[in-house]
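> Below are the structure tokens for one structure; questions will follow.
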Amino acid sequence: MDIVLSGSGSALPEKNLTNDDLSRIVDTSDEWIKSRTGIVDRHICKEDEPLSLLALKSAQKALEMSGIKGSQLELIVAGTSSPDRNFPGCACDVQAGLGAEGAVCFDVSAACSGFIYAVHVAESMMRASGYKNALVIGADALSRHIDWTDRTTCVLFGDGAAAAVLVSGEFGGRGIIASSLGSDGSRGACLTCGSIGEDKKLYMDGSEVFKFAIRKVPENIQETINKSGLKKEDISLFVLHQANKRIIEMVAKKLGLSEERFPINLEYTGNTSGASIPILLDELIRAKRIKKGDNILLSGFGAGLTWGSLIFKY
Ligand SMILES: CC(C)(COP(=O)(O)OP(=O)(O)OC[C@H]1O[C@@H](n2cnc3c(N)ncnc32)[C@H](O)[C@@H]1OP(=O)(O)O)[C@@H](O)C(=O)NCCC(=O)NCCS
Numbered sequence: 006m007d008i009v010l011s012g013s014g015s016a017l018p019e020k021n022l023t024n025d026d027l028s029r030i031v032d033t034s035d036e037w038i039k040s041r042t043g044i045v046d047r048h049i050c051k052e053d054e055p056l057s058l059l060a061l062k063s064a065q066k067a068l069e070m071s072g073i074k075g076s077q078l079e080l081i082v083a084g085t086s087s088p089d090r091n092f093p094g095c096a097c098d099v100q101a102g103l104g105a106e107g108a109v110c111f112d113v114s115a116a117c118s119g120f121i122y123a124v125h126v127a128e129s130m131m132r133a134s135g136y137k138n139a140l141v142i143g144a145d146a147l148s149r150h151i152d153w154t155d156r157t158t159c160v161l162f163g164d165g166a167a168a169a170v171l172v173s174g175e176f177g178g179r180g181i182i183a184s185s186l187g188s189d190g191s192r193g194a195c196l197t198c199g200s201i202g203e204d205k206k207l208y209m210d211g212s213e214v215f216k217f218a219i220r221k222v223p224e225n226i227q228e229t230i231n232k233s234g235l236k237k238e239d240i241s242l243f244v245l246h247q248a249n250k251r252i253i254e255m256v257a258k259k260l261g262l263s264e265e266r267f268p269i270n271l272e273y274t275g276n277t278s279g280a281s282i283p284i285l286l287d288e289l290i291r292a293k294r295i296k297k298g299d300n301i302l303l304s305g306f307g308a309g310l311t312w313g314s315l316i317f318k319y
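Using our numbering, you'd call the opening residue of the sequence shown number 6 and step up by one each time.
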């Protein structure tokens, strides 16, 4: 049974926050942020702008592309670690907005790896229990957890949401080919975010996370390629979590691949956590940079620590 991606959609909040705006809030500069991260601008939810509304907008676009109606959906899985509230979850809010009464809906929390984890959960449920389609969402609004006096973190993150529709059937071998996920809770303290009081603020040891990413991501990508039976040359594009341009460049270098195969949009999104991979994926599909038959690798890493990659033939 093949499980293919039949639609994608994304949504960014209207309000943006440039590096120059940030340099008026904390002791930083456009030059520092650009040279250390590649980020120039990011989008931030307004105080009364629910994340689930952004998720719903992205879901509507994904459904429109796939030609599936909300009422036909069987499963909605949202990868988010910054939902509007603890419950009901983001997936249930989206269900209500779409009128997807027949769907089973829940959230998956795996921080910036959330979308990859959510796709893997949906795919596994489709294979094991026969769900014929699934809407998978990656959505986060970490701006609500940022300490706006901490220049080491406040310049990095942005908000956003994106969605993908998965459909099962016989598609001539297209669809998800291989995935490989991992976690290491013993190293969780280097990137944390709670839900009450002071603990609500995001804390990060940037250099620890940086070292973890440039070691683990290439390893995990190679492991996934090995599982798929493909060669790295067979992969058209590597759609990586958009945390830092330097991390992406170093991953490409470690894999011995040209940076051209590692598209980047973080200059205007910042790190949108669980939304970052599916936002970029949607942009590439809509720009026709991803064509039918291309092998695409998605790869994320983040708090937990968590990481994961998957390869699919579009
Ligand atoms: C956060 C990060 C960009 C910092 O870049 P870096 O090159 O490692 O910078 P350092 O932390 O070594 O800091 C260098 C200096 O810049 C300063 N600095 C930190 N943030 C700054 C900012 N926004 N503006 C100006 N200076 C800043 C530091 O205080 C430090 O000053 P010092 O040398 O006087 O102590 C980088 O570590 C990173 O991207 N880490 C991974 C983060 C990540 O991906 N998180 C998400 C995971 S999902």
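C-beta: ideal position from N, C-alpha, C; glycine also. Small disclaimer: the values here were computed from a predicted structure and weren't measured.
Once DSSP output is grouped into helix, strand and coil, what is the label at residue 38?
Indexing the sequence shown from 1 puts residue 38 at position 33. The answer is helix: DSSP assigns residue 38 an H, G or I state.
> I'd like the list of long-range same chain contacts for residue 176, defined as Cβ closer than 7 Å, with 5 residues on each side in sequence excluded.
The sequence position of residue 176 within the sequence shown is 171, counting from 1. The answer, listed in chain order, is 7 and 9.
> Can we say the segment 264-281 touches the segment 171-191, given the rule of at least three CB pairs closer than 8 Å?
Segments in contact, no.
> From residue 22 to residue 152, what does the alpha carbon distance come to, in whole angstroms?
By one-based count along the sequence shown, residue 22 stands at place 17. By one-based count along the sequence shown, residue 152 stands at place 147. Straight-line Cα distance between these residues: approximately 15 Å.
> Mind reading off the beta-carbon distance from residue 94 to residue 101? Whole number of angstroms is fine, and I expect it under 8 Å.
On the sequence shown, residue 94 is found 89 positions in, with the first residue counted as 1. On the sequence shown, residue 101 is found 96 positions in, with the first residue counted as 1. In fact, because the Cβ distance is near 11 Å, the residues do not count as touching under 8 Å.
> Under a CB-based cut-off of 7 Å, is residue 171 close to chain C?
Included in the structure is just one protein chain, with no chain C present.
> Tell me whether residue 215, by its Cβ, gets closer than 6 Å to a heavy atom of ligand 1.
Translated into positions along the sequence shown, residue 215 becomes position 210. Yes.
> Just checking residue 156 against ligand 1 - is the residue's beta carbon closer than 6 Å to any of the ligand's heavy atoms?
Against the sequence shown, residue 156 aligns to sequence position 151. Yes, since a heavy atom of ligand 1 falls inside the 6 Å radius drawn around the Cβ of residue 156.
> Contact check, residue 38 vs residue 160 under 8 Å by CB: the rounded distance?
The residue labelled residue 38 in the question sits at position 33 within the sequence shown. The residue labelled residue 160 in the question sits at position 155 within the sequence shown. Confirmed, about 5 Å.
> According to DSSP, simplified to helix, strand and coil, what is residue 146?
Sequence index remark: in the sequence shown, residue 146 carries index 141 (1-based). Correct three-state label for residue 146: strand.
> Looking at the unbroken alpha helix (DSSP H) that takes in residue 225, where does it start and where does it end?
In the sequence shown, counting from the first residue as 1, residue 225 sits at position 220. Element bounds for residue 225: 211-233.
> By DSSP's criteria, residue 5 is part of a beta bridge. Which residues make up the other side?
Nothing about residue 5 can be read from this structure; the chain reaches only from 6 to 319.
> For residue 123, tell me which candidate among 27, 283, 235 and 228 has the shortest Cα-Cα distance.
One-based indexing of the sequence shown puts residue 123 at position 118. It is 283.
> Check the C-beta distance from residue 76 over to residue 104 and give it rounded, since I have them as a contact under 8 Å.
Residue numbering aside, residue 76 sits at position 71 when the sequence shown is read from its first letter. Residue numbering aside, residue 104 sits at position 99 when the sequence shown is read from its first letter. At roughly 6 Å, the Cβ-Cβ gap stays under 8 Å, so residue 76 and residue 104 are in contact.
> Is residue 160 a contact residue of ligand 1, with contact defined as CB to any heavy atom under 6 Å?
Stepping through the sequence shown from its first residue, residue 160 is reached at position 155. Yes, the Cβ of residue 160 comes within 6 Å of a heavy atom of ligand 1.
> Taking the alpha-carbon of residue 260 as reference, which of 229, 223, 243 and 228 has the nearest alpha-carbon?
Along the sequence shown, read from residue 1 onward, the residue named residue 260 stands at position 255. Answer by Cα proximity: 223.
> Rounded to a whole number of angstroms, what is the C-alpha to C-alpha distance between residue 87 and residue 144?
On the sequence shown, residue 87 is found 82 positions in, with the first residue counted as 1. On the sequence shown, residue 144 is found 139 positions in, with the first residue counted as 1. Cα to Cα, the separation comes out at about 8 Å.
> Quick check on the burial criterion: 16 or more other C-beta atoms within 10 angstroms. Buried or exposed for residue 44?
The count along the sequence shown starts at 1 and reaches residue 44 at position 39. Buried, by the Cβ-count rule.
> Could you please give the first and the last residue of the uninterrupted alpha helix (DSSP H) stretch that includes residue 134?
Along the sequence shown, one-based indexing puts residue 134 at 129. 119-134 is the span of the alpha helix (DSSP H), which, as asked, contains residue 134.
> Kindly indicate the opening and closing residues of the beta strand (DSSP E) around residue 12.
Position 7 of the sequence shown, counting from 1, holds the residue named residue 12. Start and end: 7-16.
> Kindly list the residues whose CB is nearer than 6 Å to the CB of residue 192, restricted to its own chain and excluding five residues on each side of it in sequence; keep chain order.
Reading the sequence shown from its first residue, position 187 is the one you call residue 192. Taken in chain order, the residues that qualify are 310.
> Tell me whether residue 256 sits in a helix, a strand or coil according to DSSP, three-state version.
The count along the sequence shown starts at 1 and reaches residue 256 at position 251. Correct three-state label for residue 256: helix.
> Measuring only the C-alpha atoms, how far is residue 239 from residue 300?
Counting from one through the sequence shown, the residue named residue 239 turns up at place 234. Counting from one through the sequence shown, the residue named residue 300 turns up at place 295. Roughly 7 Å separates the two Cα atoms.
> Contact between the segment 55-71 and the segment 135-142: three or more CB pairs below 8 Å?
Yes, since at least three Cβ pairs between the segment 55-71 and the segment 135-142 fall closer than 8 Å, the two stretches touch.
> Indicate whether residue 286 and residue 244 have their beta-carbon atoms separated by less than 7 Å.
Here residue 286 is taken as the residue at index 281 of the sequence shown, counted from 1. Here residue 244 is taken as the residue at index 239 of the sequence shown, counted from 1. Cβ distance < 7 Å, so residue 286 and residue 244 count as in contact.
> Could you tell me if the beta carbon of residue 42 falls within a distance shorter than 6 Å of some heavy atom in ligand 1?
Position 37 of the sequence shown, counted from the start, is the residue given in the question as residue 42. Yes, the beta carbon of residue 42 sits closer than 6 Å to at least one heavy atom of ligand 1.
> According to the Cβ coordinates, are residue 169 and residue 16 closer than 7 Å?
Your numbering for residue 169 matches position 164 in the sequence shown. Your numbering for residue 16 matches position 11 in the sequence shown. No, Cβ-Cβ distance for residue 169 and residue 16 is not below 7 Å.
> Leaving aside the five residues before and after residue 109 along the sequence, list all residues of the same chain whose C-beta is less than 6 Å from its C-beta, in chain order.
In the sequence shown, residue 109 corresponds to position 104, counting from 1. Within the same chain, residue 109 has close Cβ partners 80.
> Run the proximity test for residue 212: is its beta-carbon closer than 6 Å to any non-hydrogen atom belonging to ligand 1?
By 1-based counting over the sequence shown, the position of residue 212 is 207. Yes - ligand 1 has a heavy atom lying nearer than 6 Å to the Cβ of residue 212.
> Report all residues from its chain with a CB closer than 6 Å to the CB of residue 218; omit the five preceding and five following residues, and keep chain order.
Taking the sequence shown and counting its residues from 1, one reaches residue 218 at position 213. The answer, listed in chain order, is 252 and 306.
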